[in-house]
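In the UniProt record's numbering, the protein residues as written are 1 to 207.
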């Protein structure tokens with residue numbers, strides 16, 4: 001009986017293949033950071049790997065650039081001993097999140113473009129990690145403001161921040177990156193303040 005086919009990277013010499021894949025991904029990330037739109041062949045040349053080998057790992061540019069999307073495994077952006085005040089916590093998380101967005105801007109722009117391409121069955125810009133980070137910042141509100149929908153507030157804050165907002169603020173509104181960062185942090189603060197004010201004016205049976 002014939003066995004099932006095994007993906008190239010999972011057949012034999014795992015460590016060497018993992019190193020080759022990492023080298024291609026890192027080369028693609030460096031090219032993206034330099035403002036390029038790298039193909040599989042570009043990444044192969046930069047990594048000193050043959051085109052034939054590179055295509056075994058990434059059959060097309062979409063697969064390569066999706067792999068180059070930053071993978072940030074942190075479950076929290078808060079420091080080890082975070083403050084209890086939700087506004088202070090949110091400000092810390094937004095500062096870290098915006099810095100990540102600035103650091104990874106070229107890669108995130110490419111991921112966003114890929115996710116908007118017709119026929120993109122697996123959008124490169126996906127996950128919702130930032131919503132979790134923001135919810136983590138707002139956790140104290142679950143006790144102090146039990147009637148407030150913390151998840152929905154986190155979604156609202158995320159919708160006004162991140163690479164999509166950065167692109168609009170810099171490319172369309174003409175702000176500098178620092179001005180854009182300050183605007184996003186201010187928007188996050190304003191959304192939290194508005195949600196708290198609305199909650200405080202709710203009837204007691206809804207608060």
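Backbone N, C-alpha and C define an ideal beta-carbon position, used for all residues, glycine too.
Three-state class that DSSP yields for residue i in the structure shown
i	result
residue 104	coil
residue 201	coil
residue 176	coil
residue 86	helix
residue 99	helix
residue 145	coil
residue 196	helix
residue 36	coil
residue 74	coil
residue 138	coil
residue 18	helix
residue 128	coil
residue 91	helix
residue 117	coil
residue 13	coil
residue 171	helix
residue 123	Residue placement at residue 123 is flagged as unreliable, the pLDDT there being 47, under the threshold of 50; a coordinate-derived value is accordingly withheld.
Boundaries of the alpha helix (DSSP H) in which residue i is found, first to last residue
i	result
residue 162	162-167
residue 44	40-47
residue 66	61-67
residue 50	It is not in any alpha helix (DSSP H) - residue 50 carries neither H nor E in the DSSP assignment.
residue 80	Here residue 80 belongs to no alpha helix (DSSP H), and DSSP marks it neither H nor E.
Chain D within 8 Å of residue i, Cβ atoms only
i	result
residue 113	Of the chains in the structure shown, none is chain D; there is only one protein chain.
Proximity to residue i [Cα-Cα], best of the options
i	options	result
residue 21	116, 137, 184, 65	65
residue 18	84, 60, 160, 67	67
residue 200	57, 141, 52, 183	141
residue 94	146, 104, 174, 185	185
residue 52	147, 69, 40	40
residue 69	27, 136, 197, 150	27
residue 101	145, 146, 178, 193	178
Local Cβ density within 10 Å of residue i, reported as buried at 16 or more and exposed below that
i	result
residue 162	buried
residue 74	exposed
residue 38	buried
Residue i CB to nearest heavy atom of the ligand NAP below 7 Å
i	result
residue 34	As presented, the structure is devoid of all ligands, the ligand NAP included, so that no description of it is given.
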